[in-house]
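Peer 1: Numbering (my numbering), first residue to last: 221 to 601.
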Amino acid sequence: MRLNPRLAALPIYPTVVLDRKRDALLAAGKPVYDFGTGDPTEPTPAFIRAKVEPAIPENCRYPTVLGGADVRRAFAGWAERRFGVALDPATQVLPSSGSKEAVFHLPLLVIDPEAADRAVVFPDPGYSVYYRGTVLAGGEPVPQRLSGDFKQRVWELPPELLRRTRMIWINSPHNPTGAVLSREDLRRTWEVCREYDILLASDECYADTWFSEPPPSILEVAQEGVIAIFSLSKRSGMTGYRTGMIAGDRAWMQKLRELRTNPGLAPQDFVNAAAAAAWGDDAHADERRHIFAAKREVLRAFLAEAGLEVVASEASFYLWVRAPKGHTGQSYAEKLLDIGIVTNPGSAFAVTSSGDDYVRLALVPDVPTCRAACEVWRSIL
Ligand SMILES: Cc1ncc(COP(=O)(O)O)c(C=O)c1O
């Protein structure tokens, strides 16, 4: 078998490893408290589900990359309510089949694998698809190592690197740490990208998953040279639908639309119908936020009592916890797994050693299960 060497060089996808371990525990009949993969268990609201079947015509024909106007208008309406920004649904918005594929494909827009200037900078630790998409597009992956408060400070990157960079990923609220960039941070980031003519790609799939203050969007700061990516996965409990949105600079969005016709990246119209209903409603997102907040409070209270430090974790769907003395994130995650508590070692999100001392908890189990997990966890303190 002669495999694409870029593919062969990629480490196995982190959730695959985790799922295998969890499945082994389940097969052994052990209780499992699954804080691993960030896949919410709360039902998709009924009014969203109800949109799907009526939108399936007798002859379900090819969808288009642009998608219908309804979903783009509904998304633009949400962006206006949420951020106070005006987006033209006709030219600045495209639907995606979940934000993951949008993240994965975006480097294809700017990367020339033959060129010397083909660097893509991304936060590390971070969502592993920034790295994977860059490598498979033939770009030069450049992790920007985060530590301390885990905020990405693009303005601290060396000019020599910025000169050969085509694209910078930012992710606020951030997976896996829950760190949030302020409006001022976003403005400084955008200024750097304009100065060096770098496409600024802003992954905002957790824009509506926050606890105290709604985090700002890059689109509030500027749209020129910006592409931002959004998702209904956590906001509306729609991971299985695969539905996200891409929005930003009109000229870049036109080119992206052309690019996306090549593989035919076009969400199904019946999924777009459900997505339009979801973007059009804020009450369910608010309700889900309260549910996530309740789980977070249970876990934070326990972790504080246990003397385990929660770092960053201002927003998003995660808690970023420092492993106790004598442990790495990996060894602590293994110890927790022995008692049925599934977490992710921070190293699973990092190319460098930036995540080594941490574990990530996704706010997945319901409140009673979070309480039960804390009791089990207490037994190994
Ligand atoms: C930072 C980040 N971006 C993108 C995604 C992809 O989300 P989806 O494809 O479900 O929209 C995830 C999923 O966990 C994520 O954490």
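All C-beta atoms, glycine included, are put in the ideal place defined by N, C-alpha and C.
For L245, which residues from the same chain have a beta carbon less than 7 Å from its beta carbon, with the 5 sequence-adjacent residues on both sides left out?
Peer 2: Closer than 7 Å at the Cβ level, and outside the excluded window around L245, lie V252 and G560.
Peer 1: Note down, one range per segment and in chain order, each beta strand (DSSP E) of at least 3 residues found wholly within the stretch 331–394.
Peer 2: 339–344, 360–365 and 385–391
Peer 1: Once the 5 residues before and after A553 are set aside, which same chain residues still bring their CB inside 6 Å of it?
Peer 2: T563, P565 and V579
Peer 1: Which full runs of the beta strand (DSSP E) of 3+ residues lie inside the stretch 536–569, going along the chain?
Peer 2: 538–542
Peer 1: I449: which of Y538, S316, F431 and E440 sits nearest, CA to CA?
Peer 2: Nearest neighbour of I449 by Cα position, chosen from Y538, S316, F431 and E440, turns out to be S316.
Peer 1: CB L439 to CB A495, shorter than 9 Å?
Peer 2: no
Peer 1: Between which two residues does the alpha helix (DSSP H) holding L523 run?
Peer 2: A503 to E525
Peer 1: Among D489, E507 and S574, which residue has its Cα nearest to the Cα of E278?
Peer 2: D489
Peer 1: Would you identify the three-state DSSP class for D423, choosing helix, strand or coil?
Peer 2: strand
Peer 1: For W472, I'd like the list of residues in its chain whose CB is within less than 6 Å of its CB, leaving aside the five on either flank, ordered along the chain.
Peer 2: I447
Peer 1: Quick check: what's the CA-CA separation for D243 versus W410?
Peer 2: 43 Å
Peer 1: Taking 8 Å as the cut-off, does the CB of R594 come closer than this to any heavy atom belonging to ligand 1?
Peer 2: Looking at the sequence itself, residue 594 is Cys, so the reference to Arg does not match. No, the beta carbon of C594 sits no closer than 8 Å to any heavy atom of ligand 1.
Peer 1: With contact counted as at least three CB pairs below 8 Å, one residue from each stretch, are the stretch 386–402 and the stretch 327–339 in contact?
Peer 2: Because the criterion of three Cβ pairs below 8 Å is met, the stretch 386–402 and the stretch 327–339 touch.
Peer 1: Buried or exposed: H325, going by 16 or more other Cβ atoms within 10 Å of its Cβ?
Peer 2: buried
Peer 1: Alpha carbon to alpha carbon, what distance is there between D417 and A339?
Peer 2: Approximately 13 Å, taken between the alpha carbons.
Peer 1: Under the rule that 16 or more other beta-carbon atoms within 10 Å means buried, what is V341, buried or exposed?
Peer 2: buried
Peer 1: Within 8 Å: the Cβ of G318 and any heavy atom of ligand 1?
Peer 2: yes
Peer 1: In three-state terms, what does DSSP make of M221?
Peer 2: Three-state result, M221: coil.
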